[in-house]
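Peer 1: Residue numbers for the sequence shown follow this note's numbering, so the first one is 3 and each next one is one higher. Using N, Cα and C, we set each Cβ at its ideal position, and we do this for glycine too.
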Amino acid sequence: MTQAITSEALETLFTGARTHSAWLDKPVSDTQLSEIYHLLRLGPTSANCSPARFLFVRSSDAKARLKPALSSGNIDKTMSAPVTAIVAWDPAFYEQLPTLFPYADARAWFTSSPELAEETAFRNSSMQAAYLIAACRALGLDTGPMSGFEREKVDAEFFSANGWKSNLLINIGYGDLGKAHTRLPRLAFDTACSLA
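1) Which residue from F191, L118, F56, G180 puts its Cα closest to that of N173?
2) Write down the C-beta distance between P53 and N164 rounded to the nearest angstrom, noting that I regard them as a contact closer than 8 Å.
3) Near F112, what residues of its chain come up, given a Cβ to Cβ distance below 7 Å and the 5 sequence neighbours on each side ignored?
4) Using three-state DSSP, classify G75 as helix, strand or coil.
5) Could you say which of A87, C51, R153 lies nearest to D144 if we only look at CA atoms?
6) Report yes or no: do three or more beta-carbon pairs, one from the segment 128-144 and one from the segment 26-40, lie closer than 8 Å?
7) Quick one, are the C-beta atoms of G177 and R20 less than 8 Å apart?
8) Hey, could you find the ends of the alpha helix (DSSP H) S127 is sitting in?
9) Give me the Cα-Cα distance between K79 and A198, rounded to the nearest whole angstrom.
10) Give the secondary structure of P147 by DSSP, where H, G and I count as helix, E and B as strand, and everything else as coil.
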């Protein structure tokens, strides 16, 4: 049986965590990015399909290539972040299913329905983005997820060779708590939830 985590861990992951827009001048290492991936990949996806692909944008050259695709409100925080993860999905994710899900011919589920393949890839890559945020927080890093960018520009600039499709961006680093906003309100249980 799974044990509940400590209140300190809950604070790290949820109650004390914030979305950051300002970053300390402190690098994120390749080793840390590898550790993040090794955690997030363990999160469940439909038939273990794992459609998300991650491009960690770190260099000033790569940031300059990303900049024209960003909405104006996302430029400064992205340019100053140590890393920006482009969370994408692979339209041909099902080619990995013979390895990832050997219990059935799951590949055929998606090759016979392009609509199902796209819906599955987008939905599950979105979940994997959330796992990335949780993994970053668990390893002592902060994040700033964003959807304000031109997907077509990002895909043309970074994914023309492999055909991946961008989903969202997540800035990663050490947030400047002194510049963090106070937590905004969240919907009450009775507003957002119902019981059947």
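Peer 2: In short, the structure shows the following:
1) For the purposes of this step, residue 173 is taken as residue 171 along the sequence shown, with counting starting at 1. For N173, the closest of F191, L118, F56, G180 by C-alpha to C-alpha distance is F56.
2) Start at 1 with the first residue of the sequence shown, and residue 53 comes out as number 51. Start at 1 with the first residue of the sequence shown, and residue 164 comes out as number 162. With 8 Å as the limit, P53 and N164 do not qualify as a contact, their Cβ atoms being about 13 Å apart.
3) Against the sequence shown, residue 112 aligns to sequence position 110. For F112, same chain residues with a beta-carbon under 7 Å away, outside a window of 5 residues either side, are Y96, L118, A119, T122 in chain order.
4) As a working note, residue 75 is residue 73 in the sequence shown. Helix.
5) Taking the sequence shown and counting its residues from 1, one reaches residue 144 at position 142. Of the candidates A87, C51, R153, the one whose C-alpha sits nearest the C-alpha of D144 is A87.
6) yes
7) Counting from one through the sequence shown, the residue named residue 177 turns up at place 175. Counting from one through the sequence shown, the residue named residue 20 turns up at place 18. Yes, these two residues count as a Cβ contact at 8 Å.
8) Taking the first residue of the sequence shown as 1, we reach residue 127 at position 125. Taken as a continuous stretch (DSSP letters only), the alpha helix (DSSP H) holding S127 covers 116-140.
9) Indexing the sequence shown from 1 puts residue 79 at position 77. Indexing the sequence shown from 1 puts residue 198 at position 196. Rounded to whole angstroms, K79 to A198 spans 42 Å at the Cα level.
10) Numbered from 1 along the sequence shown, position 145 holds the residue referred to as residue 147. Correct three-state label for P147: strand.
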